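Take a look at the structure set out below.
Chains as they are written, first to last, in UniProt numbering: chain D, 1 to 631; chain U, 1 to 631.
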């Protein structure tokens, strides 16, 4: 799954917002919340931790305008209300918002930027408010600069005005924490803190303010379920050379397992004592730390952290970084994590073999729909050991729905699986030992020649990446074209990246590596990193194809070793058969045929053994049938 | 030729600089040149036009320290003198500088940046001087910021202090101008000005300050020879909606052909009248223009232009751009230019066929050296119609010298061509109708299996780029890995980019497109652009391999046309046989074999006809022999 799928939790009829907008505009003038009236209020879509998925208490933009997609910014002035979102969401947003709102279609030439629009509608000398906790420091800077140059100003409104008018806003989740032992993590949290401090002292950094939820979870070997699909929990951490502070709902520390895990009652040394403080107190505690900084002290913080927290650190002491050392350390999996990821994928493969064997039997009856197939997949997964939940909403799509890259089946779009259409399922789960993400495209009847042709080009691209050998230090974006070459040769392409980093019982999307034509600042690939390999092809109104494996970066041993740099390649961790029926084998080279046969042999041996152990006979038969070598 | 080759005009023994440094330090305190004494003086290596190659009057850094490479910055303080250069030049710089100088090896961990070094050696509150005409605006900004934060300041010294102590400094060249008619340019300069003004009014730009010499040459359909290998002339231009100003040595306008070409005596309309002013007056004229700007007037200038000129434009009116509209227009060749480039390459191929036929005969006698082979290549080229000169210094290298990517033969390194070593020649010329750049790697005896293996991987990479089909709008850097894939698979690689833009009777290196793993801001490839395709492999101490063609971006017509985007591919313009003897044909796919045979057929037909026409029998025989199909 290459990008956040379209959220479809919200209704598809417009939300009536007249009264809400009246209340918000009142709040914009209410001295209870702000020192002086503001003429506009910006409602971004994120939370205070730059999370890709957010908890329902943070769905403020959805609350005010009704639009439930993952990306969008609402701005309300005294006279207007407008919401900016991108091409994925034009239709959904227009359906979910009432006519108090103007939909601003990003990417179209005629659409003004938020800054330009504000400047065009605001009276002179206006104040524009925003919650500094949910706007990133760099976004604040750009917006502020543009407004200032036009005679306005951007002001931080400490009290969130949406929260002020949202009576039944859900509380911030505070779910039970899971402690992970060495068996899962391969490294104690104390060892991780020590390694982090080594990086800090190498760079002469005194403090590191950790704001990303997955980094905090990884550092402390803890997991939660505060955000759906992402096993994280709301917290901040500040690590110094002799201090570890964890800002979290302190009630969560009542759990004896957590107390024991964090050694709260028997601290061995001062440097390894975790000082727990309330989640909200991170601001004042960081202020106190900054007040005591020496002239040469530097403080690390993500350059995407909230404006509120970033601004606490005086500029002279602030060292913003695109990828924190925790992000980098987390990306390179250790032996235990790799073992866990492999186990998780074997269990996941078992569930999918069950699913596909079941589908083969059930589809002819005409009773299986996109939604019921997705549910069945979840049911099979939940039977596996250490299953925690899904890692993202299942994309289960038939025929034309498959061409909608971010599709998620809804009752009103739900299509029945048949012998006549291509079926694409992109799904994954969280297990205590690892996170999975796999896409398979199948036909349960007879695919057309064009469907097979496209599938084969996508497969060629998938193999080109998976089997690529490349020098140590290569960045993932240099491999992206390999995935497209066969499609390009026939004039085809797909409009998404080829791969993303995958966490280990953590977020299914994580930095700092990936495979994409977009030249973002990706870090070089290293042995131990885990990414997805998922080229596709989408024929609008007709079908969608994607073949996705999670792959591990491993050392390769080619014939030569230029300048002793060493070489890397990928090892597939996902072990689910690729439907041979969809392949036009004439289009494969000998090498590609060998790759498919070798991959299927691995699936049969490894997943077959597990199916056997679990006594899942029908699925085993299906697996053996689907992994017969192609000639 | 992928990068500026190491200049080897300078001596290889150190320049004695005691007296020069004494004089420079005196100048740094001399109120004749500066208002107050400065404690350091920076001598960059460029000229005022961001030229890649510079005229000898601009070789100020070489004059002060002796180092003659293309890249390096010298800084002199009251006590120290240091020179920063990169890995290509460590050896050469250490040989050319005496012990008054510290060599600062860029890219090594322990080497301080210029800013850090200055801050570490300067007394408090120091002034650092630099000529604002030869430092780019963004470099000035960075340096100034760093110095200011440490309590120092960067000051613009209007009089160049090197010129002040350089008694026999060569005058700025003012060579005869060549006027190019429609036959060569396909577009009058008036049409180009009109097209430029359309772009300006689209972007609401009132003025455009043209600082790049090749853009000025292209715009006015004029050429010069002020800088070796680059048919350009020193000038600035400022274009407004009703004004065209050309700043140039006015004596050059005495030439009746130039007067006629520029319509200096019979201006048809005011808007198309070229107002000629002295080269140096650009500064005051730009000041005058800026003084008269309206509140909404915007002025375009390259973001790499000199600090001096950039600063004249008030910030509110300044619109710096990475690639100017002239750079973009120049890159997309029109039909006449394409025809010219093709003709130039046919003539160039004739010369190289002559060379290789001659080498085949002469090498066994043991009398041909790297230098004499290069001279012979120039001699054959000079026999061709409309030959103007070389487009860069010929890289003629045998055996281990071939592994030095930026090699240029010198009397002390000159090696004799033999039947036992690989010969690499990378050369090109300027013809009135086009610019060439071609590399061929040959063995005149029996190449080793390893040499053949490496050559074949390089060839596979060359073909992978040349035959690639890719969507319209693709940037060149997305194709770079295609050139490396075969080498990577065997653990090999090369440490330079794969291709660069090529001018039409202009600079052999030009923006804004290229093919490189370095993600610089390249513009998407478009039909009509011309780039080089030049992968290589270099085995240190043993041999070098590079296969370079100049290729034209053309429309491709694959089977499908996804989203109507259209597809592109390349057409080789260079038509010189690739030595079959060097190919291990077992390593080629059928498609690659077909490509080689098809390419050789084109060489035989097109160049063969020209060889026949010119009556060059031996070369024709050689061509026919070297283009036999491989089975």
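Virtual Cβ for every residue (Gly too), placed ideally from N, Cα, C. Predicted, not measured: the structure shown is a model, and the values here were computed from it.
Quiz item: Roughly how many angstroms lie between the CA atoms of residue 319 of chain D and residue 37 of chain U, to the nearest whole one?
Solution: On the first chain, residue 319 of chain D is found 319 positions in, with the first residue counted as 1. On the second chain, residue 37 of chain U is found 37 positions in, with the first residue counted as 1. When rounded, the distance between both Cα atoms is 36 Å.
Quiz item: To which residues of the same chain is residue 282 of chain U closer than 6 Å at the C-beta, ignoring the five residues directly before and after it?
Solution: Counting from 1 along the second chain, the entry for residue 282 of chain U is found at position 282. 236 and 247.
Practice problem: Would you check if the segment 324-334 of chain D and the segment 306-316 of chain D touch, i.e. whether three or more CB-CB distances between them fall below 8 Å? | Solution: no
Practice problem: Please compile the residues from chain U whose C-beta is within a distance smaller than 8 Å of the C-beta of residue 567 of chain D. | Solution: On the first chain, residue 567 of chain D is found 567 positions in, with the first residue counted as 1. By Cβ distance, chain U contributes 488 and 491.
Quiz prompt | Inter-residue spacing [alpha-carbon to alpha-carbon] between residue 488 of chain U and residue 494 of chain U | solution = As a first step, residue 488 of chain U must be located in the second chain, where it is residue number 488. As a first step, residue 494 of chain U must be located in the second chain, where it is residue number 494. Rounded to the nearest angstrom, the two C-alpha atoms are 10 Å apart.
Exercise. Could you tell me how far apart the beta carbons of residue 220 of chain U and residue 262 of chain U are, in whole angstroms, since I believe they sit closer than 8 Å?
Key: The residue given as residue 220 of chain U occupies position 220 in the second chain. The residue given as residue 262 of chain U occupies position 262 in the second chain. About 7 Å separates the two Cβ atoms, so the contact holds.
Quiz prompt | Counted within 10 angstroms of its Cβ, other Cβ atoms place residue 292 of chain U as buried (16 or more) or exposed | solution = Along the second chain, read from residue 1 onward, the residue named residue 292 of chain U stands at position 292. Burial call: exposed.
Exercise. Consider the Cβ of residue 564 of chain U: report whether some Cβ of chain B lies at a distance smaller than 8 Å.
Key: In the structure shown, chain B does not exist; the protein chains are D and U.
Quiz item: Any chance the segment 460-472 of chain U sits against the segment 418-430 of chain U, with 3 or more Cβ pairs inside 8 Å?
Solution: no
Quiz item: Under 7 Å Cβ-Cβ, which residues of chain D neighbour residue 588 of chain U?
Solution: On the second chain, position 588 is the one that residue 588 of chain U refers to. Ordered by position in chain D, no residue passes the 7 Å Cβ test against residue 588 of chain U, which lies about 13 Å from the chain.
Self-check item: Rounded straight-line distance, which links the Cα of residue 96 of chain U to that of residue 126 of chain U
Solution: Sequence index remark: in the second chain, residue 126 of chain U carries index 126 (1-based). Sequence index remark: in the second chain, residue 96 of chain U carries index 96 (1-based). Cα to Cα, the separation comes out at about 30 Å.
Quiz item: Cβ atoms of residue 394 of chain D and residue 379 of chain D: under 8 Å apart, would you say?
Solution: Position 379 of the first chain, counted from the start, is the residue given in the question as residue 379 of chain D. Position 394 of the first chain, counted from the start, is the residue given in the question as residue 394 of chain D. Not in contact: residue 379 of chain D and residue 394 of chain D (Cβ atoms no closer than 8 Å).
Quiz item: Can you name the residues of chain U whose CB is closer than 9 Å to the CB of residue 481 of chain D?
Solution: The sequence position of residue 481 of chain D within the first chain is 481, counting from 1. What residue 481 of chain D touches in chain U: 468, 470, 474, 478, 479, 480, 481 and 482.
Quiz item: How should residue 63 of chain D be labelled, buried or exposed, when 16 other C-beta atoms within 10 angstroms of its C-beta is the threshold for buried?
Solution: For the purposes of this step, residue 63 of chain D is taken as the residue at position 63 of the first chain. When all chains shown are included, residue 63 of chain D counts as buried.
Quiz prompt | First through last residue of the alpha helix (DSSP H) which encompasses residue 23 of chain D | solution = Walking along the first chain from the start, residue 23 of chain D turns up at place 23. First-last of the alpha helix (DSSP H) with residue 23 of chain D: 18-27.
Quiz item: Can you tell me whether residue 8 of chain D is buried or exposed, with buried defined as 16 or more other CB within 10 angstroms of its CB?
Solution: The count along the first chain starts at 1 and reaches residue 8 of chain D at position 8. Low confidence applies to residue 8 of chain D: its pLDDT is 48, below 50, so where it sits in the model is not reliable, and the reading given next is rough at best. Result: buried.
Self-check item: Interface positions of the segment 93-120 of chain D facing chain U (Cβ-Cβ less than 7 Å), listed along the chain
Solution: none
Quiz item: Which class does residue 526 of chain U belong to by DSSP, given the choice of helix, strand or coil?
Solution: Locating residue 526 of chain U in the second chain gives position 526, counting from the first residue. Three-state DSSP puts residue 526 of chain U in coil, outside helix and strand.
Quiz item: Should residue 622 of chain U be flagged as near chain D, meaning a C-beta pair shorter than 8 Å?
Solution: Position 622 of the second chain, counted from the start, is the residue given in the question as residue 622 of chain U. Output row for residue 622 of chain U: interface = no.
Quiz item: When you check each C-beta in the segment 271-305 of chain D against every C-beta of chain U, which residues fall closer than 7 Å?
Solution: none
Quiz prompt | Which listed residue (U:149, U:403 and U:539) has its alpha carbon closest to that of residue 561 of chain D | solution = Along the first chain, one-based indexing puts residue 561 of chain D at 561. Nearest C-alpha to residue 561 of chain D: U:539.
Quiz item: Going by DSSP, which residues form a beta bridge with residue 264 of chain D?
Solution: Along the first chain, one-based indexing puts residue 264 of chain D at 264. None; residue 264 of chain D has no bridge partner.
Quiz item: Between residue 505 of chain D and residue 401 of chain U, what straight-line distance do the alpha-carbon atoms span, to the nearest angstrom?
Solution: Residue mapping note: residue 505 of chain D aligns to position 505 of the first chain, counting from 1. Residue mapping note: residue 401 of chain U aligns to position 401 of the second chain, counting from 1. Going by the C-alpha atoms only, they are around 54 Å apart.
Exercise. Scan the segment 202-250 of chain D and note each continuous alpha helix (DSSP H) run of 4 residues or more that stays entirely inside, going in chain order.
Key: 213-220
Quiz prompt | Per DSSP, cross-strand counterpart(s) of residue 477 of chain D | solution = Start at 1 with the first residue of the first chain, and residue 477 of chain D comes out as number 477. According to DSSP, which records beta bridges pairwise, residue 477 of chain D is partnered with nothing at all.
Exercise. Check the Cβ-Cβ distances between residue 559 of chain U and every residue of chain D, and say whether any is below 8 Å.
Key: Residue mapping note: residue 559 of chain U aligns to position 559 of the second chain, counting from 1. Yes, contact with chain D.
Practice problem: May I have the straight-line CA-CA distance separating residue 611 of chain D from residue 434 of chain D, to the nearest angstrom? | Solution: Working through the first chain from its first residue, we reach residue 611 of chain D at position 611. Working through the first chain from its first residue, we reach residue 434 of chain D at position 434. The straight-line gap from Cα to Cα measures roughly 19 Å.
Quiz item: How many Å lie between residue 465 of chain U and residue 42 of chain U at the Cα?
Solution: Translated into positions along the second chain, residue 465 of chain U becomes position 465. Translated into positions along the second chain, residue 42 of chain U becomes position 42. Rounded to the nearest angstrom, the two C-alpha atoms are 42 Å apart.
Exercise. Take residue 196 of chain U as the anchor and find which of U:523, U:215 and U:12 has the nearest alpha-carbon.
Key: The residue given as residue 196 of chain U occupies position 196 in the second chain. The option with the nearest alpha carbon to residue 196 of chain U is U:215.
Practice problem: State the CB to CB distance for the pair residue 576 of chain D and residue 305 of chain D, rounded to an integer number of angstroms; the pair is presumed to be in contact (CB under 8 Å). | Solution: Taking the first chain and counting its residues from 1, one reaches residue 576 of chain D at position 576. Taking the first chain and counting its residues from 1, one reaches residue 305 of chain D at position 305. In fact, because the Cβ distance is near 38 Å, the residues do not count as touching under 8 Å.
Practice problem: Spatial neighbours of residue 470 of chain D within its chain, please: CB distance less than 7 Å, with the 5 preceding and 5 following residues excluded, ordered by chain position. | Solution: Walking along the first chain from the start, residue 470 of chain D turns up at place 470. Closer than 7 Å at the Cβ level, and outside the excluded window around residue 470 of chain D, lie 479, 567 and 568.
Exercise. Specify whether the segment 16-29 of chain D and the segment 200-208 of chain D touch according to this definition: at least 3 beta carbon pairs, one from each stretch, less than 8 Å apart.
Key: no
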